[in-house]
Amino acid sequence: MRQNKSWMMLLAVLLSFSLLLGACSTNGGAKETGAPAESGTGGGNAGKDETVELSWYTIGTPQKDVNRVMEEVSKYTAEKIGVTIKMTQIDWGDYTQKMQIATSSGTPMDMMFTASWAFDYVQNARKGAFYEIDDLLKEQGKGIVETLDPAFLEGSKVDGHNYGIPAKKELPALEVWRFNKTLLDKYSLSMDGIYTLESIEPLLKTIKENEPDITPFAITKDYMPVLPYDYLISNLPMVVSLDKGDYKVVNVLETPELKAALDTMHSYYKKGYISPEAATTNGLDDTQKSGKWFLDRAATTPFADNLWSSSYGYPVVSTPASESMIFNWSVMGSMQAISANSEHPEKAMEFLNLLNTDPVLRNMIDSGIENVHYKKTADNAMENLDDSKNYDMPTFSLGNVTLTYLNPGDPENKWDEYKVFNEAGKVAPTLGFNFDTTSVTTELASIQNVKGEFWSALMTGTVDPNEYLPKAIEKFKAAGLEKVIAEAQAQLDAWKAANPK
Amino acid sequence: MPVKKPKRFDQISPAANFLLSLLTGVIAIACVFPFLFVVIISFTNEKSLASNGYRIIPKEWSLEAYQYIFRTGEALLRSYGVTIFVTVVGTLLSLVIITLYAYAIFQRSFKYRRFFSFFAIFTMLFNGGMVPTFIVVTQLLHMKDTIWALIMPMLVNAFYILIMRTFFSTMVPTAIIESGKIDGASELQTFIRLVLPLSLPGLATIGLFNTLGYWNDWFNALLYIDAPNLVPLQSMLMRIETSMQFIMQNSTNASLSTGILQDMPQDTSRMAMVVLATGPIVLAYPFFQRYFVQGLTIGAVKE
Amino acid sequence: MFDKLKIFLRDIFRNRAMLLMVLPGALWFLLFSYLPMAGTIISFKQYRYSKDGFFASIIDSKWVGLDNFKFLFSTSDAYIITRNTVLYNAAFIILGLILAVAMAIILVELTNRRLSKFFQTAMFMPYFLSWVIVGYFVFSFLSFDKGLINKTFEWMGMERINWYSEPSKWPFILVLVNLWKLVGYNSVVYLAAIMGIDRSLYEAAMIDGAGKWKQITNITIPLLVPVISIMTLLAVGKIFYADFGLFYQVPRDSGLLYSMTNVIDTYVFRGLKINGEIGMSTAAGLYQSFVGFLLVLLSNYIVRRKNKDNALF
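Put into structure tokens, the structure is as follows:
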């Protein structure tokens with residue numbers, strides 16, 4: 001009998017210990033994934049001839065061969081600048097959340113991807129997630145400054161300082177009307193004279209009358225009319241006029257331009273040009289795959305028509321729907337930042353400098369190991385090999401895209417076209433101004449809920465603006481929009497005084 | 001009443017049986033149907049799905065979706081391995097700890113039972129939130145990128161402890177424990193020989209809940225796992241799911257729409273993932289069901 | 001003083017077997033629940049990162065008092081989200097309980113064991129589907145032009161309904177979907193509890209000539225009361241928490257339905273999408289816990305007065 005009691009004690013004690021042991025033993029185990037090089041914990045002893053390991057968090061579906069490629073990359077960078085690279089890829093949908101937890105818990109990191117649309121650059125710069133790189137750009141980052149259009153660094157300043165390095169890619173935002181060319185040809189319609197929202201109506205009408213199965217005007221819940229206004233925070237109603245030059249913050253819902261656009265959208269909706277489910281449609285994947293659409297709107301890049309056509313499997317053509325404009329958010333489309341808690345910010349900047357100026361490194365990061373993942377077909381051209389499926393990276397998220405080799409089918413003048421495209425962009429009046437929302441977070445939380453309630457329904461024309469627009473304006477007011485606008489105006493005025501144009 | 005068949009008290013009448021069977025049958029079909037639907041979609045041709053929408057009998061069948069997933073090959077197998085290991089080890093450990101805790105706070109003779117009950121319940125009502133827990137797991141226990149990060153955070157659950165405690169109190173008559181003590185049995189003997197057999201349905205319930213909890217967990221992997229070889233199945237599914245939604249929501253982003261969209265997994269592969277991720281665990285219920293058997297009476301145990 | 005210590009040590013020794021039994025669990029609670037609870041301090045701070053790690057960040061961040069809680073109460077939405085959260089949860093608790101218990105009893109009573117087992121398994125199936133998938137499935141019913149229901153309406157010559165812009169329909173839809181998804185899971189607990197009931201009680205009742213209905217009302221249900229009250233008390237503690245997936249994925253985040261679908265969790269999610277202030281999300285969690293805690297204390301007190309054994313603690 002006694003024996004049994006001690007058995008039970010033993011069991012319980014063992015369990016408790018295994019809890020603790022399980023916890024501690026992993027302490028050692030976690031390390032083995034690290035690269036053979038010095039782990040960054042050595043502190044300030046990273047002298048000139050010692051290599052340091054930099055950890056780099058990037059967005060995109062994790063690829064099988066990442067570690068293999070990074071080994072090659074490390075050999076190259078160790079020789080050139082004395083660093084080795086450990087890359088951690090985090091999938092698209094997880095990136096923002098994971099990085100938020102990682103930065104707020106102080107997880108040690110050196111470099112990370114950030115943008116206006118994933119792991120928000122401005123907000124996280126303000127919270128202190130990134131290392132301020134003004135000085136580093138003058139020293140280790142000289143090459144970056146030389147290669148980038150100045151608008152990139154100007155537009156990505158937060159409260160007057162730089163915290164991230166924008167990737168050199170398309171700079172302005174240009175909206176286009178996209179047409180399903182098959183249908184365009186079938187009814188011998190033309191894109192000539194198409195620019196405004198009103199100008200598309202005759203075409204929509206033809207399609208509606210002849211093709212009952214086709215959605216004439218395919219839009220999602222995120223659709224917004226092209227307006228001559230600049231949003232201080234994307235998709236929230238605080239805007240500044242693009243062409244008046246008055247630097248006055250207004251509520252976009254109260255502008256005549258929006259009212260007119262919504263009236264048109266609602267009439268399109270009633271005429272059946274727009275899907276009755278537009279206000280809850282997340283994406284147009286199915287419609288695009290099946291080709292059951294005639295017209296939609298998208299943001300474009302040089303040669304986008306070709307890319308779209310090849311990915312849908314039928315020809316797509318487009319014509320501009322807006323002016324080409326350089327906004328804060330278009331500048332911040334893809335950036336690399338150095339972590340505030342990085343032990344080696346200088347080394348990290350050296351690496352980022354190399355990434356944005358050195359074609360060998362840039363292409364290794366982008367396409368993998370030569371003759372394993374790709375083979376070179378000319379000085380500036382390459383072809384994917386079979387193994388490239390194990391290392392398929394989102395090119396635009398990894399720095400200067402104009403250094404990457406051309407793929408088969410790419411026009412020879414690809415990067416020249418980018419240059420032309422970028423130079424055509426007009427600078428938005430608020431480029432470089434980023435609204436600091438700290439003092440109005442409470443209001444902003446309510447405003448975002450109001451936005452969710454009305455925005456999609458209004459913008460897609462699903463509801464009658466005569467009835468819902470006043471309601472929405474009313475509710476935004478109740479949520480404190482006026483206070484937010486006043487705060488934004490004060491900040492904008494101060495910014496303008498400090499940055500006379 | 002010699003003419004009629006003697007009325008049977010231990011069964012419901014045939015008419016009631018028929019009606020109730022019909023009713024539960026309808027509910028059961030409503031519950032199984034969506035699952036069948038998912039299976040069917042996973043075998044539908046992607047193009048025909050896009051143009052015809054969901055159909056019970058698709059126009060074109062296809063294995064493409066599964067081919068797409070099996071392309072990843074070993075990654076999928078490894079994920080199965082991770083999930084199965086975590087589920088089995090986690091459930092067993094968890095069951096032992098929960099049962100011991102619940103048995104202690106169930107016993108009246110335990111002086112601190114109210115304290116320890118409250119100690120458990122309080123954790124259900126308050127939690128420190130994601131970031132502090134993350135700090136404990138990664139910086140105090142150093143479990144990041146280890147299999148323990150998938151097991152430990154879910155090991156104990158006050159909810160299950162309380163259900164177990166209630167099962168003990170409804171299934172185990174105090175007389176039994178007393179009789180055990182009189183017979184001179186130790187606590188452990190009483191517990192294993194008398195108490196556990198009586199609470200089999202309870203153990204099966206908690207075991208089932210634990211199994212499902214571990215199998216379906218993706219959040220701990222999201223928080224703690226970066227290493228691709230430790231990603232469990234559900235987390236793989238969830239990743240594809242959220243990334244798809246994310247990319248679609250950002251489809252107005254020029255870089256994304258020209259660079260990424262074509263590589264996106266399709267509707268059918270998503271459904272195929274659901275089939276692969278839930279298929280095996282659906283069998284878990286019948287396994288635990290075997291323990292939901294009536295007839296373990298006190299007499300049976302005493303033998 | 002010394003005596004007290006002696007008594008304490010004696011008590012510890014006397015209860016050593018039981019104390020050892022709770023030890024692993026208690027340790028776990030300390031590590032994984034109580035230690036992180038200290039982090040709730042963030043809800044009173046404007047959390048900013050320090051390069052010296054998490055603790056430095058907490059210490060360096062500015063105190064903001066109750067500012068982080070304000071967004072939960074600042075507008076008329078506060079009433080809507082609180083009402084929706086509480087009423088939906090109340091409906092889920094009450095209807096879920098009745099349905100789960102009824103199902104458990106029916107499944108036990110069905111004459112054909114094999115059929116009963118099959119039904120049990122079947123009812124469990126929805127639990128395996130994530131809310132995203134359930135959302136797709138619901139959409140295939142409610143879609144305006146392709147949906148099964150509207151197609152049926154059309155066929156019967158009735159007007160089609162745009163389900164995703166008609167808030168008045170959604171309380172029914174959400175309750176129905178939630179019950180459908182969870183009834184199998186919830187009835188397992190009651191099923192197990194019924195299986196644990198001593199058979200001899202029924203035998204005795206039958207000898208007394210009690211029919212099936214009498215057996216159910218006089219034996220089964222009264223013996224289920226402890227399980228029912230525990231399950232209900234636990235659910236009451238979570239009454240300020242809403243199932244995010246149900247209220248976000250299933251209505252497809254349709255703005256026109258917010259009056260009936262916006263709950264605390266979706267409100268917080270939407271409100272913090274841009275700034276992602278962890279101080280504010282922690283504050284929201286603390287608020288939800290705190291109200292739940294008060295409600296549990298209250299209802300536990302009431303239950304305890306009626307029957308000590310059915311109380312949580």
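Chains as they are written, first to last, in UniProt numbering: chain A, 1 to 501; chain B, 1 to 303; chain C, 1 to 313.
For each residue, glycine too, the CB sits at the ideal point set by N, CA and C.
is_contact[S42 of chain B, chain A] using C-beta, thresh 8 angstroms: no
Beta carbon of D296 of chain A, beta carbon of M248 of chain B: below 8 angstroms? Not a contact, by the Cβ cut-off of 8 angstroms.
Looking at C-alpha atoms only, which residue of C:Q46, C:A104, C:A284 and C:A90 is the closest neighbour of I221 of chain C? Nearest of C:Q46, C:A104, C:A284 and C:A90 to I221 of chain C, Cα basis: C:A104.
Let me make sure I understand the geometry here. Which of C:I264, C:L272 and C:V296 has the alpha-carbon closest to that of D77 of chain C? C:I264
Say whether the stretch 249-268 of chain A touches the stretch 219-226 of chain A, bearing in mind that this needs 3 or more beta-carbon pairs closer than 8 angstroms, one atom from each stretch. Inter-segment contact for the stretch 249-268 of chain A and the stretch 219-226 of chain A is present: three or more beta-carbon pairs are separated by less than 8 angstroms.
Return the Cβ separation of S94 of chain B and N210 of chain B in integer angstroms, given the expectation that the two are a contact with Cβ distance under 8 angstroms. That pair is a contact at about 5 angstroms.
Backbone secondary structure at L352 of chain A - three-state DSSP: helix
Contacts of M280 of chain C in chain A (Cβ-Cβ under 8 angstroms): Neighbours of M280 of chain C on chain A, chain order: T441 and A445.
Indicate whether I161 of chain B and Y112 of chain B have their beta-carbon atoms separated by less than 8 angstroms. no
Inter-residue spacing [alpha-carbon to alpha-carbon] between T206 of chain A and M191 of chain A: 14 angstroms
With 8 angstroms as the threshold, decide whether the Cβ of A204 of chain B is near any Cβ in chain C. yes
Straight-line CA distance for S13 of chain B to L95 of chain C? 27 angstroms
At least one CB of chain A closer than 8 angstroms to the CB of K70 of chain C: is that the case? yes
Assigned secondary structure, E74 of chain B (DSSP; H/G/I helix, E/B strand, else coil): helix
C-alpha gap between F13 of chain C and L20 of chain C, whole angstroms: 11 angstroms
Length at least 3, wholly inside the stretch 340-412 of chain A: the beta strand (DSSP E) runs in chain order: 374-378 and 381-384
Can the beta-carbon of L194 of chain B be found closer than 8 angstroms to that of I206 of chain B? no
Which chain A residues sit within Cβ distance under 7 angstroms of A50 of chain B? D286, K289 and S290
Contact with chain B by D67 of chain C, beta-carbon distance below 8 angstroms: no
Is the distance from the Cβ of I234 of chain C to the Cβ of F219 of chain B below 8 angstroms? Checking the displayed sequence, the identity of residue 234 of chain C turns out to be Leu instead of Ile. It is not a contact, given that the beta carbons lie outside the stated cut-off.
What does the alpha-carbon distance come out to for the pair M70 of chain A and K86 of chain A? 7 angstroms
Among C:G279, C:K306 and C:G255, which has the Cα closest to the Cα of Q452 of chain A? It is Gly, not Gln, that sits at residue 452 of chain A in the sequence shown. Comparing Cα-Cα distances from G452 of chain A to each of C:G279, C:K306 and C:G255, the minimum goes to C:G255.
Is it right to say K5 of chain B is buried, meaning 16 or more other beta carbons lie within 10 angstroms of its own, or is it exposed? Low local confidence applies: a pLDDT of 42 at K5 of chain B is under 50, so the model's placement there is unreliable, with the coordinate-based value given in what follows. Exposed, by the Cβ-count rule.
For G292 of chain C, decide whether its Cβ has a neighbour in chain B, counting only Cβ atoms nearer than 8 angstroms. yes
Given this structure, state the Cα-to-Cα distance separating residue 317 of chain B from L31 of chain C, to the nearest angstrom. Any question about residue 317 of chain B goes unanswered here, given that chain B covers just 1 to 303.
Strictly below 9 angstroms CB to CB, what residues from chain A border S50 of chain C? Within chain A, the C-beta atoms nearer than 9 angstroms to that of S50 of chain C come from G106, G128, A340 and N341, in chain order.
Return no unless some Cβ of chain B is closer than 8 angstroms to the Cβ of W163 of chain C. no
Positions along the stretch 150-171 of chain A whose CB lies within less than 8 angstroms of some CB in chain B: Flagged, chain order: K169 and E170.
Exposed or buried, N413 of chain A, counting other C-beta atoms within 10 Å across all chains shown (16 or more means buried)? exposed
Please check the pair V52 of chain A and K347 of chain A, which I expect to be a contact at CB under 8 angstroms, by giving their CB distance rounded to whole angstroms. 5 angstroms
Would you tell me roughly how many angstroms separate the C-alpha atoms of S57 of chain C and I42 of chain C, rounded to the nearest one? 10 angstroms
Per-residue contacts from K98 of chain A into chain B (C-beta, under 9 angstroms): Per Cβ cutoff of 9 angstroms: L222, L223 and D226.
Can you tell me which of the three DSSP states A300 of chain B falls into? Because A300 of chain B sits at a pLDDT of 41, beneath the cut-off of 50, its placement in the model cannot be relied upon, and the point is left open.
Name the chain C residues whose beta carbon is nearer than 9 angstroms to that of N17 of chain B? E109, L110, T111 and N112
Chain A within 8 angstroms of K59 of chain B, Cβ atoms only: So no, K59 of chain B is outside the interface.
Please state whether DSSP places M70 of chain A in a helix, a strand or coil. In this structure, DSSP gives M70 of chain A a helical state, which the three-state scheme calls helix.
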